[in-house]
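Peer 1:
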Amino acid sequence: MAGAHMSAVLQPAHVEAAEARLWDALIQWQPQQLSALLSPALFLTDLDGRRRDASPWLAGWNARRIRIAAIERQQTEQLACGAMVLVTGELRIHLDGEHGRQLHAMRLLRVWARCTGAPGVHLLSLCMLPAAPRPH
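In this note's numbering, the protein residues as written are 185 to 320.
1. Going by DSSP, what residues sit across from C311 in a beta bridge?
2. Count the other CB atoms, across all protein chains shown, that sit within 10 Å of the CB of C265; report buried if there are 16 or more and exposed otherwise.
3. With a threshold of 7 Å on Cβ separation, who are the neighbours of G244 within its own chain once the five nearest residues in sequence on each side are excluded?
4. Among the residues of its own chain, which have a CB less than 8 Å from the CB of E282, if the five just before and after it don't count?
5. How should W296 be labelled, buried or exposed, when 16 other C-beta atoms within 10 angstroms of its C-beta is the threshold for buried?
6. Should the region 273 to 280 be regarded as contacting the region 191 to 199, the criterion being three or more beta carbon pairs within less than 8 Å?
7. Do F227 and R234 have their beta-carbon atoms positioned less than 8 Å apart in this structure?
8. For R285, collect the residues of the same chain with a Cβ closer than 8 Å to its Cβ; drop the 5 residues on either side in sequence, then sort them by chain order.
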């Protein structure tokens with residue numbers, strides 16, 4: 185019976201769809217859609233490799249102190265490993281906040297994991313790395 189047995193393997197296409205919903209939720213300020221995509225155990229790792237709680241950033245976004253105006257994605261790659269998929273790629277995020285519009289360029293590693301509830305996948309971890317040098 186199709187659909188009765190959920191595969192333990194997380195399909196890259198499923199992650200691509202979840203990523204599209206994630207970016208849309210962030211830009212369009214859709215807290216419920218965003219919450220459905222985030223693991224309760226979500227954590228961030230900053231540029232120095234230190235583990236950070238995602239709560240302050242999400243609280244600023246939820247309170248609309250931070251608004252994501254645009255997200256430019258480039259050079260995305262995936263590595264699938266069973267119930268998890270690692271996605272990496274260059275991002276340029278345009279933020280509107282207390283200090284006007286700011287551009288943040290970075291390489292962002294995302295770990296997506298299969299989950300039993302809807303939507304079937306959630307974001308487990310984010311790691312921010314310096315953006316690759318731009319060609320001159």
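Just so you know, even glycine gets a beta-carbon here, dropped at the ideal spot from N, CA and C.
Peer 2: With the structure as the only source:
1. In DSSP, C311 forms a bridge with T229 and L293.
2. Residue environment: C265 is assigned as exposed (fewer than 16 neighbouring CB atoms within 10 Å of its CB, all protein chains considered).
3. Within the same chain, G244 has close Cβ partners I250.
4. Apart from the 5 residues on each side of it in sequence, E282 sits with its Cβ closer than 8 Å to the Cβ of R249 in its chain, given in chain order.
5. Buried: at least 16 other Cβ atoms inside 10 Å.
6. Taking one beta carbon from each stretch, the region 273 to 280 and the region 191 to 199 have fewer than 3 pairs nearer than 8 Å; the two do not touch.
7. No; because the gap between Cβ atoms is not below 8 Å, this pair is not in contact.
8. Its chain contains A253, H278 and L279 as the residues whose beta carbon lies nearer than 8 Å to that of R285, once the 5 sequence neighbours on both sides are disregarded; these appear in chain order.
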